[in-house]
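Worksheet: the structure to be examined is printed underneath.
Protein chains: 2
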Amino acid sequence: MKFRNFKMVGYVVFGRGSFDQLDEILAPNRKGDAPMIFLVDHFFEGKELVNRIPLRGRDKVIYADVTYEPKTSQVDKLADQLKQEFGTISGIVGIGGGSTMDLAKAVSLMMNNPGSSADYQGWDLVKYPGVYKAGIPTLSGTGAEVSRTCVLTGPTRKLGMNSDFTPFDQIVLDPALTTNAPRNQRFYTGMDCYIHCIESLEGTFLNEFSKSYGEKALQLCQEVFLGDGEWTDAHDDKLMMASYAGGMSIAYSQVGVAHAVSYGLSYLLGTKHGIGNCIVMNHLEEYYPAGVAEFKRMVEKNQIDIPVGICKGLTDEQFDTMINVSLGMKPLWENALGKDWEKIMTREKLRALYERL
Amino acid sequence: MKFRNFKMVGYVVFGRGSFDQLDEILAPNRKGDAPMIFLVDHFFEGKELVNRIPLRGRDKVIYADVTYEPKTSQVDKLADQLKQEFGTISGIVGIGGGSTMDLAKAVSLMMNNPGSSADYQGWDLVKYPGVYKAGIPTLSGTGAEVSRTCVLTGPTRKLGMNSDFTPFDQIVLDPALTTNAPRNQRFYTGMDCYIHCIESLEGTFLNEFSKSYGEKALQLCQEVFLGDGEWTDAHDDKLMMASYAGGMSIAYSQVGVAHAVSYGLSYLLGTKHGIGNCIVMNHLEEYYPAGVAEFKRMVEKNQIDIPVGICKGLTDEQFDTMINVSLGMKPLWENALGKDWEKIMTREKLRALYERL
Numbered sequence: 245m246k247f248r249n250f251k252m253v254g255y256v257v258f259g260r261g262s263f264d265q266l267d268e269i270l271a272p273n274r275k276g277d278a279p280m281i282f283l284v285d286h287f288f289e290g291k292e293l294v295n296r297i298p299l300r301g302r303d304k305v306i307y308a309d310v311t312y313e314p315k316t317s318q319v320d321k322l323a324d325q326l327k328q329e330f331g332t333i334s335g336i337v338g339i340g341g342g343s344t345m346d347l348a349k350a351v352s353l354m355m356n357n358p359g360s361s362a363d364y365q366g367w368d369l370v371k372y373p374g375v376y377k378a379g380i381p382t383l384s385g386t387g388a389e390v391s392r393t394c395v396l397t398g399p400t401r402k403l404g405m406n407s408d409f410t411p412f413d414q415i416v417l418d419p420a421l422t423t424n425a426p427r428n429q430r431f432y433t434g435m436d437c438y439i440h441c442i443e444s445l446e447g448t449f450l451n452e453f454s455k456s457y458g459e460k461a462l463q464l465c466q467e468v469f470l471g472d473g474e475w476t477d478a479h480d481d482k483l484m485m486a487s488y489a490g491g492m493s494i495a496y497s498q499v500g501v502a503h504a505v506s507y508g509l510s511y512l513l514g515t516k517h518g519i520g521n522c523i524v525m526n527h528l529e530e531y532y533p534a535g536v537a538e539f540k541r542m543v544e545k546n547q548i549d550i551p552v553g554i555c556k557g558l559t560d561e562q563f564d565t566m567i568n569v570s571l572g573m574k575p576l577w578e579n580a581l582g583k584d585w586e587k588i589m590t591r592e593k594l595r596a597l598y599e600r601l
Numbered sequence: 245m246k247f248r249n250f251k252m253v254g255y256v257v258f259g260r261g262s263f264d265q266l267d268e269i270l271a272p273n274r275k276g277d278a279p280m281i282f283l284v285d286h287f288f289e290g291k292e293l294v295n296r297i298p299l300r301g302r303d304k305v306i307y308a309d310v311t312y313e314p315k316t317s318q319v320d321k322l323a324d325q326l327k328q329e330f331g332t333i334s335g336i337v338g339i340g341g342g343s344t345m346d347l348a349k350a351v352s353l354m355m356n357n358p359g360s361s362a363d364y365q366g367w368d369l370v371k372y373p374g375v376y377k378a379g380i381p382t383l384s385g386t387g388a389e390v391s392r393t394c395v396l397t398g399p400t401r402k403l404g405m406n407s408d409f410t411p412f413d414q415i416v417l418d419p420a421l422t423t424n425a426p427r428n429q430r431f432y433t434g435m436d437c438y439i440h441c442i443e444s445l446e447g448t449f450l451n452e453f454s455k456s457y458g459e460k461a462l463q464l465c466q467e468v469f470l471g472d473g474e475w476t477d478a479h480d481d482k483l484m485m486a487s488y489a490g491g492m493s494i495a496y497s498q499v500g501v502a503h504a505v506s507y508g509l510s511y512l513l514g515t516k517h518g519i520g521n522c523i524v525m526n527h528l529e530e531y532y533p534a535g536v537a538e539f540k541r542m543v544e545k546n547q548i549d550i551p552v553g554i555c556k557g558l559t560d561e562q563f564d565t566m567i568n569v570s571l572g573m574k575p576l577w578e579n580a581l582g583k584d585w586e587k588i589m590t591r592e593k594l595r596a597l598y599e600r601l
């Protein structure tokens, strides 16, 4: 199809305190006594939020180690464990940041699809719907709550399971859950949204649908990260909507240079997506002059340290690996630099950029 | 639930020319040889758009007379006819403005629910999902493409079938379909969106989800109706997104005085929703001073005549009917005027307002 037919999440609830409706929301989606599995970011282990999870019957909380971004092997292992322990389950509820939500989506799909999740990295390869899945973000900015992908690092590539079966059946947007996020993490994740707005609004692929969402997300990020005064509940509310709108804007747009370069870092060094984008954005004046200037004001105003020198001491082979991964993201480069992108972003130029990071 | 768990439409495609993907979009939703029914605004009878409808097998085009807004009797008759002629159908595709889309939603539901559609006017009364339903707006502004209602005039009230079964499974947002809309009609329908943004953004019910959508819709309306230069494709694109965003903003907001008063006109006189809102908004300086001033600039700039004197010569009984219908819209009044709205908007005050229209 010329225009993507965009699969929406099934249900959205937005509200400060809406997490407390979770029991009621899940009830009609329980299948007999098959348990609900709550996949929770390990950050919350021992924290108060866990006590508020509405466990019933054989329901289980599993903590997801998201020190590194999700791997296909991790997904396969989780799905196998659940099949072994329960046979079938009612559904998966992912509670955490983008990594946890992506894990939840992937495990849901792998409960009903044969083989390894690595077999489904790509576009529209997933064969069957997963089990019921709900996403509850505790960090704002990734847009994973509304995306039709779940980014996984596999044996040969970092690529999502993009399919109409991938979006959540339900998302619960409760900005109160983001209140206690560490300040740096909140910034990096928020910048995932900001950077992707800059990349998509200045890109060559765009229509009014994605432009409207992107502009709103951008405006909310500006209000949040450049506004006066202390961080308040209203900032969390706005950043959560920025993330949602930024995620929706991806329907008919594409990210650009920061994401393409950051994917290389993430593949080789395990650099997480949010901070990786920031590390790269810091050096992209040539491509996004106004956006990078504003980004630097945000960094300063929010007193964030962006790591530098992370590529020091890498071997030629390692640089080549990053360059290969990055240049493989053809649609991103084309969006940023146009049809002739390969003439503009040569291997040499990209190597020089990586060396500066 | 304290916060509404908002059911989203299943799929959205946005794009100039996306109507031509309809055959491909419908294909996986066809059930054997059961036909797709295309319910088309009678405005398009004999027009070129009808030739582009991808008819297959026993598919049928039915023209919907939307001279007046949809009635429960009209819905019941259409559903009965379809059951009699085909037994079961694959789905209903509504092509037109808000009335046609609401009719399509209602007929879809009545294919699978017993009794009369009048039995389901209210909140969450619908028992079973309808047949597959797709909405294709040819006028922008009502938000009917994303709403969870379908407003119907029944034997005793004008009220929608509000339910989680009501939203479309698919919407096709092709701004090119709105190009040839009559100028006045386009304005009145666009103002449905503008007015409801003013009502909801200035109301007492609102959260960041609805505020974000409402602000974006408002901004797009301002660009469209107050911008410089001739009407272009970009105006149609923006107005279509304004309608979508305005519809989404209703999730956690409420309309206000213009809608409440306009419902009375519509019930008694059959005044259509878009023009009715304009007729009322023209006299609401007291409630929405900035919004009404801007509305009047839009009217002037777009050289629109808003009818006046439409309540001249009505009897006391007729005024009472309108007042009863209007004051029955309690949540709208509360949103506009707060908890004590009944002390503010007395019958006498409302009568005086109707007399001015």
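Heads up: the sequence lines are chains A and B, in that order. Under my numbering, think of the first position of the first sequence as 245, with each following residue one higher. Under my numbering, think of the first position of the second sequence as 245, with each following residue one higher. Where is the CB? At the ideal position from N, CA and C, for every residue including glycine.
message = For the ligand MG, I want to know if D413/B counts as a neighbour, meaning its beta carbon is within less than 7 Å of at least one of the ligand's heavy atoms.
response = This structure simply doesn't include the ligand MG, nor any ligand for that matter.
inquiry  = Tell me the DSSP secondary structure of F409/B in three-state form.
reply    = Within the second sequence, residue 409/B is the residue found at index 165, counting from 1. DSSP places F409/B in coil when its eight states are reduced to three.
inquiry  = Counting only Cβ pairs nearer than 8 Å, list the residues of chain A close to Q265/B.
reply    = Counting from 1 along the second sequence, the entry for residue 265/B is found at position 21. Simply M245, K246, F247 and N249.
request  = Compute the Euclidean distance between the alpha carbons of N342/B and G374/B, then round it to the nearest angstrom.
outcome  = Within the second sequence, the letter at position 98 stands for residue 342/B. Within the second sequence, the letter at position 130 stands for residue 374/B. This sequence places Gly at residue 342/B; Asn is not what is there. One C-alpha to the other measures close to 19 Å.
key: Under 7 Å by beta carbon: chain B residues contacting A489/A   = Sequence index remark: in the first sequence, residue 489/A carries index 245 (1-based). Here the neighbours are S456.
request  = Please determine if the stretch 342 to 356 of chain B and the stretch 388 to 406 of chain B are in contact, where contact requires at least 3 C-beta pairs separated by less than 8 Å.
outcome  = yes
query = Looking at C-alpha atoms only, which residue of A504/A, V416/A, T515/A and E289/A is the closest neighbour of F258/A?
reply = For this step, residue 258/A is matched to residue 14 along the first sequence. Cα-wise, what sits closest to F258/A is V416/A.
ask   = Could you give the distance in angstroms between the alpha-carbon of I523/B and the alpha-carbon of K460/B?
value = Within the second sequence, numbered from 1, the residue matching residue 523/B stands at position 279. Within the second sequence, numbered from 1, the residue matching residue 460/B stands at position 216. Each residue's alpha carbon lies about 24 Å from the other.
key: Partners in chain B for N451/A, counting only beta-carbon separations shorter than 7 Å   = Mapped onto the first sequence, residue 451/A falls at position 207. Those are F258 and G259, listed as they occur along chain B.
Residue-chain proximity (I269/A, chain B), Cβ-Cβ < 8 Å = On the first sequence, position 25 is the one that residue 269/A refers to. So yes, I269/A belongs to the interface.
query = How about S384/A and T311/A: are their beta carbons less than 8 Å apart?
reply = On the first sequence, position 140 is the one that residue 384/A refers to. On the first sequence, position 67 is the one that residue 311/A refers to. No; because the gap between Cβ atoms is not below 8 Å, this pair is not in contact.
inquiry  = Taking a contact to mean a Cβ-Cβ separation below 8 Å, would you say F563/A touches Y598/A in this structure?
reply    = As a first step, residue 563/A is located in the first sequence; it is residue number 319 there, counting from the start. As a first step, residue 598/A is located in the first sequence; it is residue number 354 there, counting from the start. Yes, the Cβ-Cβ distance between F563/A and Y598/A is below 8 Å.
inquiry  = I'd like to know if Y255/A contacts chain B, where contact means its C-beta is closer than 8 Å to some C-beta of that chain.
reply    = Counting from one through the first sequence, the residue named residue 255/A turns up at place 11. Output row for Y255/A: interface = yes.
request  = Could you tell me whether the Cβ of L601/B comes closer than 8 Å to any Cβ of chain A?
outcome  = Start at 1 with the first residue of the second sequence, and residue 601/B comes out as number 357. Chain A, which has no Cβ nearer than 8 Å to the Cβ of L601/B, makes this no.
Beta-carbon gap between N406/A and G458/A smaller than 8 Å = Locating residue 406/A in the first sequence gives position 162, counting from the first residue. Locating residue 458/A in the first sequence gives position 214, counting from the first residue. For N406/A and G458/A, no; Cβs fall outside 8 Å.
query = Under 8 Å between C-beta atoms, does L581/B make it to chain A?
reply = Position 337 of the second sequence holds residue 581/B. Answer no: the Cβ-Cβ gap between L581/B and chain A never drops below 8 Å.
task = With DSSP as the reference, label K402/A as helix, strand or coil.
result = Position 158 of the first sequence, counting from 1, holds the residue named residue 402/A. Residue state, collapsed to three classes: strand.
key: Sheet register partners of T397/A (DSSP bridge)   = Within the first sequence, residue 397/A is the residue found at index 153, counting from 1. Bridge partners of T397/A: K315/A and K402/A.
inquiry  = Given a cut-off of 8 Å on the beta-carbon distance, is the pair M525/B and F469/B in contact?
reply    = Start at 1 with the first residue of the second sequence, and residue 525/B comes out as number 281. Start at 1 with the first residue of the second sequence, and residue 469/B comes out as number 225. Contact: no.
query = Do H517/B and L576/B have their CB atoms nearer than 8 Å?
reply = Reading the second sequence from its first residue, position 273 is the one you call residue 517/B. Reading the second sequence from its first residue, position 332 is the one you call residue 576/B. Against a cut-off of 8 Å, the Cβ pair of L576/B and H517/B comes out as no contact.
inquiry  = Given this structure, state the Cα-to-Cα distance separating V501/B from Q429/B, to the nearest angstrom.
reply    = In the second sequence, counting from the first residue as 1, residue 501/B sits at position 257. In the second sequence, counting from the first residue as 1, residue 429/B sits at position 185. Those two C-alpha atoms are separated by around 22 Å.
Enclosing beta strand (DSSP E) for K377/A [first to last residue] = For the purposes of this step, residue 377/A is identified with residue 133 of the first sequence, where counting begins at 1. Here the beta strand (DSSP E) through K377/A covers Y376 to P381.
query = Does DSSP put D267/A in a helix, a strand or coil?
reply = To locate residue 267/A, count along the first sequence from 1; it is residue 23. Helix, per DSSP.
ask   = Would DSSP call W475/B helix, strand or coil?
value = What you label residue 475/B is simply residue 231 of the second sequence in a count that begins at 1. Coil, per DSSP.
query = Is the Cβ of M485/A closer than 8 Å to any Cβ of chain B?
reply = As a first step, residue 485/A must be located in the first sequence, where it is residue number 241. For M485/A, the answer is yes, since a Cβ of chain B falls inside 8 Å of its Cβ.
key: Option in M245/A, I333/A, Q328/A and Y376/A with minimal Cα separation from K277/A   = Walking along the first sequence from the start, residue 277/A turns up at place 33. According to the sequence provided, residue 277/A is Asp. The question's Lys does not apply to it. Checked all of M245/A, I333/A, Q328/A and Y376/A; the closest Cα to D277/A is I333/A.
task = Put G490/B into one of helix, strand or coil per three-state DSSP.
result = Position 246 of the second sequence holds residue 490/B. Note: G490/B maps to helix in three-state DSSP.
task = Starting from L283/A, trace the beta strand (DSSP E) both ways and give me its first and last residue.
result = As a first step, residue 283/A is located in the first sequence; it is residue number 39 there, counting from the start. Where L283/A is concerned, the enclosing beta strand (DSSP E) stretches over M280 to D285.
task = Measure the alpha-carbon distance for I588/B versus R595/B and round it to whole angstroms.
result = Translated into the one-based positions of the second sequence, residue 588/B becomes position 344. Translated into the one-based positions of the second sequence, residue 595/B becomes position 351. Using only the alpha carbons, I get a separation of about 13 Å.
task = List the endpoints of the continuous alpha helix (DSSP H) containing L470/B.
result = The sequence position of residue 470/B within the second sequence is 226, counting from 1. Start and end: E452 to L470.
Per-residue burial, K482/A [other beta carbons within 10 Å of its own, 16 or more giving buried] = The count along the first sequence starts at 1 and reaches residue 482/A at position 238. It is buried - the Cβ of K482/A has at least 16 other Cβ atoms within 10 Å.
inquiry  = Counting C-beta neighbours from all protein chains within 10 Å, is the total for D477/B 16 or more, i.e. buried, or is it exposed?
reply    = To locate residue 477/B, count along the second sequence from 1; it is residue 233. Exposed, because fewer than 16 other Cβ atoms sit within 10 Å of the Cβ of D477/B.
key: DSSP beta-bridge partners of I339/B   = Taking the second sequence and counting its residues from 1, the one referred to as residue 339/B is at position 95. V284/B and I380/B.
query = Per the contact definition of three or more C-beta pairs closer than 8 Å, is the stretch 398 to 413 of chain A in contact with the stretch 434 to 453 of chain A?
reply = no
message = Can you check whether the C-beta of Y496/B is within less than 8 Å of a C-beta belonging to chain A?
response = The count along the second sequence starts at 1 and reaches residue 496/B at position 252. With 8 Å as the cut-off, Y496/B counts as an interface residue toward chain A.
ask   = So, is A489/B buried or exposed, given that buried needs 16 or more other C-beta atoms within 10 angstroms?
value = As a first step, residue 489/B is located in the second sequence; it is residue number 245 there, counting from the start. The residue is buried, with at least 16 neighbouring Cβ atoms inside 10 Å.
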